[in-house]
Amino acid sequence: MTGVAAELVRYGQRLDRLGMCPGTSGNISARVDDRILVSPTGALLGELDADRLSVLDLDGQHVDGPPPTKEAVLHAAVYRVRAHATAIVHLHSPWALAASCLDDLPREDALPAYTPYYAMRVGVLPRVPYVAPGQPGLASACADGFASDERARGVLLDRHGLVTVGTSVGDAAAIAEELELAARMHFLLDGRAVTPLSAAERAMLA
1 MTGVAAELVR
11 YGQRLDRLGM
21 CPGTSGNISA
31 RVDDRILVSP
41 TGALLGELDA
51 DRLSVLDLDG
61 QHVDGPPPTK
71 EAVLHAAVYR
81 VRAHATAIVH
91 LHSPWALAAS
101 CLDDLPREDA
111 LPAYTPYYAM
121 RVGVLPRVPY
131 VAPGQPGLAS
141 ACADGFASDE
151 RARGVLLDRH
161 GLVTVGTSVG
171 DAAAIAEELE
181 LAARMHFLLD
191 GRAVTPLSAA
201 ERAMLA
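When we follow full-length UniProt numbering, the leftmost residue of the sequence shown carries the number 1, and every step to the right adds one.
Have a look at this one:
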């Protein structure tokens, strides 16, 4: 698991440099066979230590390393509904967090596909109803969000931020970056005439 641990450290540092994980907010994980490596509780993502990561089983039970993030059960629940995912990024990034506080975003697909890159990276973006951080219901609600549409590679947690899944840590981080950019564009374009991709145009990119 050494290489995967190094990837978690590398992308934790990148997301921190981009300002996407203020303070000790956010957590990242990777699945290796029947084990999950996840950032510890209270960890700064920009200062992760490859030798000090928490280890869980697929039920979310802590089996080794320091105490895990309180959202560890969320990661385990999402892996159970996305069998091919090997990494998860959960962030309170500023623009996605701001978007998650809006009342008028659609539940099934929260943001317009302003660019083909968003459509290719994120797919669709279900909104997950608010559940307090660390509460058991949040894990199942987040998993239900991903289960609601197989095209979704990210979800928006009401008043909480984003969660993305990927085939590698780098992939999940890149999807999170694309989602954050889309959220920022949503605010920058507010009130202006725009032409998001149509359903047919999005289908061509699938």
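Positions of the beta carbon are idealized from the N, C-alpha and C atoms, including for glycine.
Since the model is a prediction, treat every value here as computed from it, not as a measurement.
Along the chain, where does the alpha helix (DSSP H) containing A50 start, and where does it finish? Counting along the chain, A50 falls outside any alpha helix (DSSP H), and DSSP gives it neither H nor E.
Residue environment, E47, which counts as buried when at least 16 other CB atoms sit within 10 Å: exposed
Between which residues of its own chain and L111 is the CB-CB distance below 6 Å, once the five residues before and five after are set aside? Answer for L111: L125, A182 and H186, listed in chain order.
Segment contact, 8 Å Cβ cut-off, at least three pairs: the segment 34-52 with the segment 197-206: no
So G60 and A72 are in contact, right, with Cβ under 8 Å, and what is the actual spacing, rounded? 6 Å
Could you check where the alpha helix (DSSP H) with R35 kicks off and where it finishes? R35 -> not in any alpha helix (DSSP H); beta strand (DSSP E) instead, spanning R35 to V38.
Minimum C-alpha distance to R121 - residue among C142, G170 and A147: G170
DSSP state of V9, grouped into three classes? helix
Quick one: residues in its chain with C-beta nearer than 6 Å to the C-beta of R35, no 5 flanking neighbours on either side, listed in chain order? Contacts found: V55.
Pull up the CB-CB distance for S100 and H160, whole angstroms please, since I reckon it's below 8 Å. 6 Å
Residues that H90 bridges to, as DSSP identifies them: Looking at the DSSP assignment, H90 forms a beta bridge with N27 and V163.
Taking the alpha carbon of A147 as the reference point, which residue from A30, T2, P133 and E108 has its own alpha carbon closest? Among A30, T2, P133 and E108, the Cα nearest to that of A147 is on E108.
Residues of its chain near A77, where Cβ-Cβ distance is below 8 Å and the 5 sequence neighbours each way are ignored: G60, A139, S140, C142 and A143
Span separating the alpha-carbon of G166 from that of R153: One Cα belongs to G166, the other to R153, and the distance between them is close to 7 Å.
Start-end ranges of the alpha helix (DSSP H) lying completely within the segment 58-113, minimum 4 residues: 72-81 and 94-99
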